[in-house]
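Start counting the sequence shown at 17; every next residue gets the next number (our numbering).
Positions of the beta carbon are idealized from the N, C-alpha and C atoms, including for glycine.
Heads up, the thing below is written out as structure tokens.
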Amino acid sequence: VDLWLNTPRPPHEASGTSGMKAAHNGVPSLSVLDGWWLEGHVEGVPGWAIGSQHNGTPSTRGDDEDARELYSELEESILPLYHDDPMRWAEVMRYTIALNASMFNTQRMVQEYVIQAYMDR
17 VDLWLNTPRP PHEASGTSGM KAAHNGVPSL SVLDGWWLEG HVEGVPGWAI GSQHNGTPST
77 RGDDEDAREL YSELEESILP LYHDDPMRWA EVMRYTIALN ASMFNTQRMV QEYVIQAYMD
137 R
């Protein structure tokens, strides 16, 4: 897969592990700002966002607005980059691995689980 598309209705993202796994394979994301993508998103670096945040939480928007933004992002940013600038696309893939895969991994999960579940008592 060349792009991970994730469009749950905020705040209903389950855990986002599929997008995290895609990142380990250098697959950039196009996703609503919910779940792990709130923390992992840097616009145009490891992927792109649909929607926006307000005070650190995803905005509530309609499906029509999200669909327009999804198609606009694809047409104006993602597809031209993918088709016309393969070197820059490869750079986005490398950033995806460097930023997202290094941050979202089993090491971090276990460490946070131990600290939050056992040491914060």
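Contacting residues, own chain, Cβ-Cβ under 6 Å from residue i (five flanking each side not counted)
| i | result |
| --- | --- |
| residue 22 | 35 and 47 |
| residue 112 | 39, 42, 44 and 62 |
| residue 124 | none |
Rounded C-alpha distance that separates residue i from residue j
| i | j | result |
| --- | --- | --- |
| residue 128 | residue 37 | 18 Å |
| residue 94 | residue 109 | 12 Å |
| residue 126 | residue 17 | 28 Å |
| residue 30 | residue 20 | 16 Å |
| residue 105 | residue 59 | 14 Å |
| residue 81 | residue 98 | 24 Å |
| residue 26 | residue 84 | 17 Å |
| residue 68 | residue 53 | 11 Å |
Continuous beta strand (DSSP E) stretch holding residue i: start and end
| i | result |
| --- | --- |
| residue 45 | 45-48 |
Endpoints, alpha helix (DSSP H) assigned at residue i
| i | result |
| --- | --- |
| residue 115 | Note, residue 115: premise wrong, no alpha helix (DSSP H); not H, not E. |
| residue 53 | 53-56 |
Counted within 10 angstroms of its Cβ, other Cβ atoms place residue i as buried (16 or more) or exposed
| i | result |
| --- | --- |
| residue 72 | Note that residue 72 scores a pLDDT of 49, beneath 50, so its modelled location is shaky; the value from the coordinates is reported in the next line. Result: exposed. |
Identity of the residues DSSP links to residue i by a beta bridge
| i | result |
| --- | --- |
| residue 131 | DSSP lists no partner for residue 131. |
| residue 65 | 47 |
| residue 21 | 46 |
Cβ-based neighbour list, residue i, same chain, cut-off 7 Å, excluding 5 preceding and 5 following
| i | result |
| --- | --- |
| residue 24 | 48 and 50 |
8 Å Cβ shell around residue i - same chain, five flanking residues per side excluded
| i | result |
| --- | --- |
| residue 122 | none |
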